[in-house]
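Please read the structure below before turning to the comments.
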Amino acid sequence: MIEALDIHVTGIVQGVGFRPFVYRMAKKYLINGWVLNAADGVNIHAEGESRLLDEFVIELSENAPAAAQVKEIELKEVPLQDFDSFEIRFSDDAAVQETTLVSADLATCDDCAAELFNPNDRRFRYPFINCTNCGPRFTIIDALPYDRASTSMKDFPMCERCAAEYADPLDRRFHAQPDACFECGPHLSLAWRPDCEATPGEDFPTRGAGDVSSDELPDGWRIAWGKTRETSDALIARAVELLCAGQVVAVKGLGGFHLVCDARNAEAIARLREGKRRGGKPFAVMMANAEAARSVCEVTPEEEKALSDPARPIVLLKKRRGVAFAAGLADKLPELGVMLPATPVQLLLLHDFARALEQMGVPEPPMLVMTSGNIHDEPIV
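For the sequence shown, my numbering assigns the number 411 to the initial residue and increments by one for each residue that follows.
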């Protein structure tokens, strides 16, 4: 017997691939109707055989995407409307006055990381690669419900290829709101003050670093944009040069900035402490993966799981005996705070920094201090 249900799902169900998941489950269980984001969750109208409807609802509850958290599912029997397909509809902005829970930003997933370093992929080394399973969420939202038009990505219309992915229910980027590439998405920039010792040489803009303008920043600062893969890579290469030279670089995350330096360089750490006005409080470091962390710290299975969590927390790990750490990093403490990369920019920076160290004959895994971009005890910039 064909029945119809209105289903209302609340919890963390926006920005986590929940609508594409509902779409796939509807196809699996021969359900017709629609799904849309509402201001207080996700609404679904489902029509199908009663047994298949039951299984469909169980899937919503028990097998939701990993980043989703289903809080409650409300079911209401309604009259049939005789839909002959299932679709994702535009979101209902004014359906209710309540506010849904929003997903936190999610660390770059393994699939996107693989594409990031695949020379045959069109997003090879694109610093803002993401998909339905990872990338910015809460940080880019201007208003609910969570659709591209309600995020900072509204200023970046998708190119034809990204739009095709976005519209394909079988694609990993189906309805991924931050979907983008070099052609249509955001780009890296590098800013510097001409009178500082980290100023690039006069040939820097002509080495392919992109458009340079002195109009966009105050007090004589200059900015270079990496609008292609080559120019983007030039900016990352320059940042790596500075890190290898013991300088401090401010690297923007999904939200604020990190102040970054070589964690094995005591002079760089001292420079960072002086600028940040942070006396003895330990610094946390970023390493490529749990295996790299094991080279300097002991890592239990539980700690490895915590390191790999999509939230990318700082995990306190016991220092290995006999490992020498740079002065000023985390002196006289038995533990070191370690985190793994959370964004494509961080993955690229750490990867290229490791390659630079190899060329310099440094065998140890790369380790970068990553600390909040603020003066000690002042708000984050």
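For glycine and all other residues, C-beta sits at the position ideal for the given N, C-alpha and C.
Quiz prompt | Simplified DSSP assignment, three categories, for Gly387 | solution = There is simply no residue 387 to check, as the chain begins at 411 and stops at 791 in what is shown.
Self-check item: Gln769 in three-state terms, based on DSSP
Solution: helix
Exercise. Would you mind giving the Cβ-Cβ distance between Leu664 and Thr561, rounded to the nearest angstrom? I have them listed as a contact below 8 Å.
Key: Not really, about 12 Å apart at Cβ, beyond 8 Å.
Quiz prompt | Of the listed residues Val452, Pro588 and Lys564, nearest to Glu575 (C-alpha basis) | solution = Pro588
Quiz item: In the DSSP assignment, what residue or residues form a beta bridge with His668?
Solution: Val661 and Ser782
Quiz prompt | Residue span of the beta strand (DSSP E) that contains Glu465, given as start and end | solution = Counting along the chain, no beta strand (DSSP E) covers Glu465; the unbroken alpha helix (DSSP H) around it starts and ends at Ser460 to Glu472.
Exercise. Using three-state DSSP, classify Arg547 as helix, strand or coil.
Key: DSSP, read as helix, strand or coil, puts Arg547 in coil.
Quiz item: Near Val755, which residues of its chain fall below 6 Å by C-beta distance, leaving aside the five closest residues on each side in sequence?
Solution: Pro537
Exercise. Evaluate the contact criterion for the segment 514-526 versus the segment 439-453: three or more CB pairs, one atom per stretch, below 8 Å.
Key: no
Quiz item: Quick one: is the Cβ of Glu651 within less than 6 Å of any heavy atom of the ligand FAD?
Solution: As far as ligands go, the structure on display features none, and thus does not contain the ligand FAD.
Self-check item: Identity of the residue in Ile646, Ala456, Ala477 and Asp629 nearest Lys637 by Cα
Solution: Ile646
Quiz item: Is DSSP giving Val452 helix, strand or coil here?
Solution: strand
Self-check item: Cross-strand partners of Trp602 (DSSP beta bridge)
Solution: The beta-bridge partner set that DSSP reports for Trp602 consists of Arg632.
Practice problem: Go ahead and label Trp444 buried or exposed: buried means 16 or more other beta carbons lie within 10 angstroms of its beta carbon, across all protein chains shown. | Solution: Around the beta carbon of Trp444, 16 or more other beta carbons lie within 10 angstroms, which makes this residue buried.
Quiz item: Taking the C-alpha atoms as reference points, what is the distance between Arg617 and Ala644?
Solution: With a pLDDT of only 43 at Arg617, under 50, the local geometry of the prediction cannot be trusted, and the value read off the model is given with reservation. Rounded to the nearest angstrom, the two C-alpha atoms are 8 Å apart.
Self-check item: Reduced DSSP category for Met435 - H, G, I as helix; E, B as strand; rest coil
Solution: Secondary structure at Met435: helix, using DSSP grouped into helix, strand and coil.
Practice problem: Measuring alpha carbon to alpha carbon, tell me which of Gly738, Pro751, Val706 and Gly747 ends up nearest Arg731. | Solution: Val706
Practice problem: Under 8 Å by Cβ, that's how I've got Arg535 and Arg639 pegged, so tell me the actual separation to the nearest angstrom. | Solution: 6 Å
Practice problem: Report all residues from its chain with a CB closer than 7 Å to the CB of Leu727; omit the five preceding and five following residues, and keep chain order. | Solution: Ala703, Cys707, Glu708, Val709, Glu713, Glu745, Leu746 and Val748
Exercise. Check whether the segment 589-602 touches the segment 561-573, taking contact to mean three or more Cβ pairs, one atom from each stretch, closer than 8 Å.
Key: yes
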